[in-house]
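Quick note, the sequences are listed as chains A and B, same order.
Residue 281 in our numbering sits at position 281 of the first sequence; the count goes up by one each step and never skips.
Residue 455 in our numbering sits at position 78 of the second sequence; the count goes up by one each step and never skips.
By construction, the Cβ of each residue, glycine as well, lies at the ideal position given by its N, Cα and C atoms.
In what follows, a single structure is set out as C-alpha cells and then discussed.
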Amino acid sequence: MWQRLSRIIKKEFLQLRRDRGMLPMLIVLPIVQLMLFGYVVSTDVKHLSMAGIDHDKSAESRRLVASFSNAGYFDVNYYPDNMAQVTKLLDAGDAIIALTVPNGYADDIAAGRTAVVQIIVDGTESNASSVARNYATLIIGRQSNGIAQAKLRTLTNLGARPPTVDPRVRVLFNPSMKSVNFMVPGLIAFILTLSTISLTSEAIVRERDQGTLEQLIVTPIRRGELILGKLIPYTIVAFVQITLILVVGVFWFGVPFRGSIAFLYFTCLLYVFASLGQGLLISTISKTRQQAMLTTMFAIFPAMLISGFVFPVENMPKIIQIVSYAVPLKYFLVIVRGIFLKGAGWQTLWPQMVALVIFSAVIFTASVTRFQKKFSD
Amino acid sequence: MGETNSVVVDHLVKRFGDLTAVDDVSFTVKSGEIFGFLGPNGSGKSTTIRILCGVIDPTDGNASVLGYNVRTQPEEVKRRIGYMSQRFSLYEDLTVDENLDFYAGVYEVPPERFAERRTYILEMAGLVGRENELAANLSVGWKQRLALGCSIVHEPKMVFLDEPTGGVDPVSRRQFWDLLYEMADSGVTLFVTTHYMDEAEHCHRLAFIYQGEIIALGSPAQIKADQMTSTVIEVDCDDCERALEAIGRLDDVQEAYLYGSMVHANVDDARKAKRTIKEAMGASGVGLREMRIVEPNLEDVFVSLMDKMERR
Ligand SMILES: Nc1ncnc2c1ncn2[C@@H]1O[C@H](COP(=O)(O)OP(=O)(O)O)[C@@H](O)[C@H]1O
Ligand SMILES: [Mg+2]
Numbered sequence: 001m002w003q004r005l006s007r008i009i010k011k012e013f014l015q016l017r018r019d020r021g022m023l024p025m026l027i028v029l030p031i032v033q034l035m036l037f038g039y040v041v042s043t044d045v046k047h048l049s050m051a052g053i054d055h056d057k058s059a060e061s062r063r064l065v066a067s068f069s070n071a072g073y074f075d076v077n078y079y080p081d082n083m084a085q086v087t088k089l090l091d092a093g094d095a096i097i098a099l100t101v102p103n104g105y106a107d108d109i110a111a112g113r114t115a116v117v118q119i120i121v122d123g124t125e126s127n128a129s130s131v132a133r134n135y136a137t138l139i140i141g142r143q144s145n146g147i148a149q150a151k152l153r154t155l156t157n158l159g160a161r162p163p164t165v166d167p168r169v170r171v172l173f174n175p176s177m178k179s180v181n182f183m184v185p186g187l188i189a190f191i192l193t194l195s196t197i198s199l200t201s202e203a204i205v206r207e208r209d210q211g212t213l214e215q216l217i218v219t220p221i222r223r224g225e226l227i228l229g230k231l232i233p234y235t236i237v238a239f240v241q242i243t244l245i246l247v248v249g250v251f252w253f254g255v256p257f258r259g260s261i262a263f264l265y266f267t268c269l270l271y272v273f274a275s276l277g278q279g280l281l282i283s284t285i286s287k288t289r290q291q292a293m294l295t296t297m298f299a300i301f302p303a304m305l306i307s308g309f310v311f312p313v314e315n316m317p318k319i320i321q322i323v324s325y326a327v328p329l330k331y332f333l334v335i336v337r338g339i340f341l342k343g344a345g346w347q348t349l350w351p352q353m354v355a356l357v358i359f360s361a362v363i364f365t366a367s368v369t370r371f372q373k374k375f376s377d
Numbered sequence: 378m379g380e381t382n383s384v385v386v387d388h389l390v391k392r393f394g395d396l397t398a399v400d401d402v403s404f405t406v407k408s409g410e411i412f413g414f415l416g417p418n419g420s421g422k423s424t425t426i427r428i429l430c431g432v433i434d435p436t437d438g439n440a441s442v443l444g445y446n447v448r449t450q451p452e453e454v455k456r457r458i459g460y461m462s463q464r465f466s467l468y469e470d471l472t473v474d475e476n477l478d479f480y481a482g483v484y485e486v487p488p489e490r491f492a493e494r495r496t497y498i499l500e501m502a503g504l505v506g507r508e509n510e511l512a513a514n515l516s517v518g519w520k521q522r523l524a525l526g527c528s529i530v531h532e533p534k535m536v537f538l539d540e541p542t543g544g545v546d547p548v549s550r551r552q553f554w555d556l557l558y559e560m561a562d563s564g565v566t567l568f569v570t571t572h573y574m575d576e577a578e579h580c581h582r583l584a585f586i587y588q589g590e591i592i593a594l595g596s597p598a599q600i601k602a603d604q605m606t607s608t609v610i611e612v613d614c615d616d617c618e619r620a621l622e623a624i625g626r627l628d629d630v631q632e633a634y635l636y637g638s639m640v641h642a643n644v645d646d647a648r649k650a651k652r653t654i655k656e657a658m659g660a661s662g663v664g665l666r667e668m669r670i671v672e673p674n675l676e677d678v679f680v681s682l683m684d685k686m687e688r689r
C-alpha cells in the first residue's frame with residue numbers, strides 16, 4: 001500500500017519537475033497575480049476633487065473642511081456659495097463630492113449638541129463615489145472623535161455631554177482602507193482554487209490522454225491509492241503557494257495579519273479538499289485535456305465573480321446571492337478575510353467551516369464514486 | 378503433464394451501443410503457449426484483450442484468466458498478468474529507469490528483486506547505457522521493448538500484448554519476437570494480437586477474428602489444412618497492378634491479391650486457371666515472367682477466409 005502510494009507521489013513530483021512550463025508558473029503565477037491586484041487593479045482612490053460650502057465660516061468649520069484635504073484623499077478645489085453652483089460642479093464632473101457646513105455648526109459643537117453636516121456624492125461613478133462616501137464619513141468620524149476628546153479634556157463640569165458631528169460612522173477592520181489588504185486574503189483563496197482544480201483535473205486527464213490510465217487500471221493499484229497519490233502532491237504545491245502569497249503579502253505589501261497562522265492553514269486544508277474534489281470530478285467527466293481545461297474555466301470564473309472575490313456579494317441580485325451559497329470559494333473568502341483582517345477564530349467562522357466540510361464530503365463522494373478503476377467503455 | 382488453460386473465453390459479447398465489437402466469441406489459451414489473435418483493424422482484437430485484462434466489462438458471456446473470473450475477480454487477474462497496450466503506455470516525461478522503477482513500485486516488487494529484474498530488462502531491451510534517457514527520446518523500437526519490460530517487471534506468468542509491433546521496423550520486429558520466444562521458453566503464456574501474417578506463423582495457436590467473430594482457430598498448420606481447399610498460383614510479372622486487375626476478373630479465379638511484388642490467385646482447377654491467366658496477361662499486354670503453384674501461407678488463408686465471409 002505505502003510502496004504503491006509513495007511511488008505515485010514520487011512520479012507526480014518528477015513529472016511536475018520535468019514540465020518546463022508548470023513549475024515556474026506555479027511559483028510565478030501567484031506573485032504576478034499579487035502584483036496585479038496589489039498595484040494595477042488597486043481600488044484605492046486618492047485626490048478626489050471636492051467642493052466645500054462653508055456657511056458657518058468659523059474656525060471650527062474651516063478645520064473640518066481642511067481635514068478633508070489633509071487626509072490626502074480629497075482636494076478641496078472649489079468653494080461655491082450656494083447649492084446651484086454645487087449641482088453645476090457635480091454635473092460637469094468637476095467635483096465628485098461636496099461638503100456643506102451649515103450656519104451654526106461651531107455653536108452646536110460649543111453647546112455640546114450634535115452638529116449636522118451634509119455630504120453630496122456624485123452617484124454616477126459608483127465605485128469612486130462609494131469610496132468617496134466611505135472616506136468622507138471616516139474623516140468626519142475622526143474629526144468628531146477629535147472634537148469630543150478635546151472637549152472632554154477641557155470640560156470642567158463633568159456631567160456635560162460631549163458634542164459630536166454626525167454622521168459618525170467608523171470604518172471597521174480596514175481603517176487605512178487599502179484595497180490590497182482586502183485583496184491578498186482573497187488571492188490566497190483564488191490561487192488555491194485555480195491551481196488545485198486545474199492541476200488535479202489535468203493530472204488524471206493527462207493519464208487518460210496518454211493511455212497510461214489504461215495501463216494503471218491493469219495494475220494492482222487501488223482506486224484510493226491512485227486518487228491520494230494524485231492529490232497529495234498538489235496539496236503540497238498548494239501549501240507552498242499559500243505560504244508564498246502570505247510572505248509577499250505581509251512583508252512586501254504590509255498587509256496586516258491578525259489571526260492565527262495554524263488556524264489559517266487548517267482552514268486552507270479544508271478548502272483544498274473541496275477544490276481537489278471539484279478537480280477530481282472534472283477529470284472523471286472529461287475525456288480530453290481540452291475538455292478538462294474548458295470545464296475548469298467554466299467552473300472557476302463564475303465562482304470567482306459571484307463569490308465576493310472582486311465584487312461584494314451583498315450588491316448582487318437576489319438570485320445570484322442564492323446561487324452563491326453553492327460556491328465554496330464564497331465561504332472560504334469569508335474565512336481567510338476574517339482570519340487576516342479581524343483575527344477571527346473558529347468561534348465566529350464555524351458556520352463557513354461546516355459549509356466547506358459538507359461541500360467537500362458531497363463532492364468527494366460524488367467524484368470518488370464516479371472514478372472507477374475501469375473504463376465504462 | 379496435464380495441459381491447463383490459462384485463458385478460457387466463453388460466449389463473450391461486447392457491444393458499444395449498436396455496434397457489436399465482440400460477437401459471441403469462445404476459445405481457450407493453453408498454459409505456456411504463444412496464442413496469436415489475428416484480424417484486420419476494427420475486428421475486435423483490442424476489445425477482447427481489454428475485457429480479459431479487466432479494463433472494460435463484457436456485455437455478456439464469461440472469461441477467466443489464470444483461473445480467475447475477469448468480471449468478478451478482476452484484481453486477482455491484474456496482480457498476475459502483464460499487459461502491454463496498443464499505445465506503449467509509457468510516461469514519456471520519465472526516464473527509462475524511472476518508468477521501470479514506477480511500475481516495479483506499483484506491482485510491489487521487493488527492492489532486491491527489482492535490482493535483478495532491472496538488469497535483466499535493460500539487457501533484454503538493449504537499453505543498457507540509456508537508463509537516464511527520457512522515454513520520449515527513444516525510437517519506436519526501444520519504446521516498445523521498454524514497454525514490454527515495464528509490463529513484465531513483476532514476472533507475470535501470463536502476458537497480453539496488443540499489437541506490440543505496430544509501427545516498428547522489420548529488424549526491431551524480429552528482435553521483439555525473439556524476446557517473446559525466450560519468454561515462452563521460460564514458461565510464460567503469451568496472448569499476442571497482430572495483423573501481420575508473418576508474425577502469426579510464429580504462434581503456437583491462432584484465432585482469426587473478423588468483425589467480432591472468430592472464423593478460424595487452431596495451429597497455423599491446422600488452419601491451413603482445414604481452410605485452404607483451393608490452390609494458390611503465384612504470378613510473377615512486370616506490372617502487378619494491371620495483372621491483378623486482369624486476373625481478378627477471371628471466372629476461374631476465386632480471388633486475386635498482391636503478395637509482396639507478386640500476385641496470388643486462389644483457384645480450384647490449377648491447370649485450367651494457369652491457361653486462362655496466361656491468356657489474360659497476353660491480352661492486357663503485361664509481361665509474364667513466371668507462374669507456379671505454391672504452398673498456401675497464412676495470408677492466402679486469411680484472404681480466402683475473408684472473401685468467404687464477405688460473400689456470405
Ligand atoms: N470505447 C469504444 N466505444 C465505441 N466503439 C468502440 C470502442 N472501442 C472500440 N470500438 C469499436 O469496436 C470495434 C472493434 O475495435 P477494436 O477492438 O479496437 O479493434 P482492433 O483492435 O481489432 O483494431 C471497432 O469498430 C471500434 O470502432
Ligand atoms: Mg486494436
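Asked                                                                                                                                 : Found
Identity of the residue in A:Val218, A:Leu228, A:Gln347 nearest glutamate 453 (chain B) by Cα                                         : A:Val218
Partners in chain B for leucine 48 (chain A), counting only beta-carbon separations shorter than 8 Å                                  : The contacting residues do not exist; leucine 48 (chain A) stays about 54 Å from chain B at best.
Cβ contact check for the segment 191-208 of chain A and the segment 288-305 of chain A: 3 or more pairs under 8 Å                     : yes
Neighbour flag for glutamate 485 (chain B) against chain A, beta carbons, 8 Å                                                         : yes
Within 8 Å, strictly: CB atoms of alanine 440 (chain B) and leucine 389 (chain B)                                                     : yes
Partner residues on chain A for isoleucine 498 (chain B), Cβ-Cβ distance less than 7 Å                                                : Ordered by position in chain A, no residue passes the 7 Å Cβ test against isoleucine 498 (chain B), which lies about 16 Å from the chain.
Beta-carbon gap between asparagine 145 (chain A) and valine 255 (chain A) smaller than 8 Å                                            : no
For isoleucine 96 (chain A), the nearest candidate out of A:Val65, A:Phe371, A:Val131, A:Val327 (CA to CA)                            : A:Val131
Per DSSP, cross-strand counterpart(s) of aspartate 645 (chain B)                                                                      : In DSSP, aspartate 645 (chain B) forms no bridge with anything.
Contact belief for valine 630 (chain B) with asparagine 643 (chain B) at Cβ below 8 Å, rounded distance in angstroms                  : 7 Å
Histidine 47 (chain A), buried or exposed, once every other Cβ within 10 Å from all chains shown has been counted against 16          : exposed
Any chain A beta carbon closer than 8 Å to leucine 567 (chain B)                                                                      : no
Per-residue contacts from valine 237 (chain A) into chain B (C-beta, under 8 Å)                                                       : Those within 8 Å of valine 237 (chain A) in chain B number zero; the least Cβ separation is about 17 Å.
Identity of the residues DSSP links to valine 630 (chain B) by a beta bridge                                                          : B:Val644
Buried or exposed (CB count within 10 angstroms, at least 16 for buried), arginine 258 (chain A)                                      : exposed
Residues of its chain near serine 444 (chain A), where Cβ-Cβ distance is below 6 Å and the 5 sequence neighbours each way are ignored : What the structure shows of chain A is the stretch from 1 to 377, and residue 444 (chain A) is not part of that stretch, so it cannot be assessed.
Glutamate 202 (chain A) versus lysine 11 (chain A) - alpha carbon distance                                                            : 15 Å
Residues near threonine 653 (chain B) by beta carbon distance below 6 Å, same chain, minus five either side                           : Leu627, Asp629
Neighbour flag for lysine 11 (chain A) against chain B, beta carbons, 8 Å                                                             : yes
Straight-line Cα distance separating glycine 229 (chain A) from proline 597 (chain B)                                                 : 46 Å
Whole-number beta carbon distance between leucine 515 (chain B) and leucine 525 (chain B), since they are thought to touch under 8 Å  : Wrong, their Cβ atoms sit about 13 Å apart, outside the cutoff.
C-beta atoms of isoleucine 426 (chain B) and proline 435 (chain B) nearer than 8 Å                                                    : no
Residue-chain proximity (lysine 318 (chain A), chain B), Cβ-Cβ < 8 Å                                                                  : no
Neighbour flag for threonine 369 (chain A) against chain B, beta carbons, 8 Å                                                         : no
Glycine 211 (chain A): contacting residues in chain B (beta-carbon distance under 7 Å)                                                : Ser462, Arg464, Ser466
Span separating the alpha-carbon of phenylalanine 371 (chain A) from that of cysteine 430 (chain B)                                   : 18 Å
Nearest to isoleucine 9 (chain A) (by Cα), restricted to the options B:Gly518, B:Asp478, B:His579                                     : B:Asp478
Proximity test, glutamine 215 (chain A) beta-carbon vs ligand 2 heavy atom, cut-off 7 Å                                               : no
Best match in B:Phe404, B:Gly419, B:Cys614 for proximity to glycine 637 (chain B) [C-alpha to C-alpha]                                : B:Cys614
Inside the segment 288-347 of chain A only - alpha helix (DSSP H) runs reaching at least 4 residues                                   : 289-306, 318-324, 328-337
Proximity below 8 Å, CB of leucine 567 (chain B) to CB of leucine 538 (chain B)                                                       : yes
Distance CB(isoleucine 191 (chain A))-CB(proline 328 (chain A)) smaller than 8 Å                                                      : no
Check: serine 260 (chain A) C-beta below 7 Å from any heavy atom of ligand 2                                                          : no
Beta-carbon proximity list for phenylalanine 68 (chain A), same chain, < 8 Å, skipping 5 on both sides                                : Met50, Gly52, Phe74, Val76, Leu99, Ala136, Ile139
Span separating the alpha-carbon of valine 368 (chain A) from that of valine 680 (chain B)                                            : 48 Å
For aspartate 54 (chain A): DSSP bridge partner residues                                                                              : A:Val101
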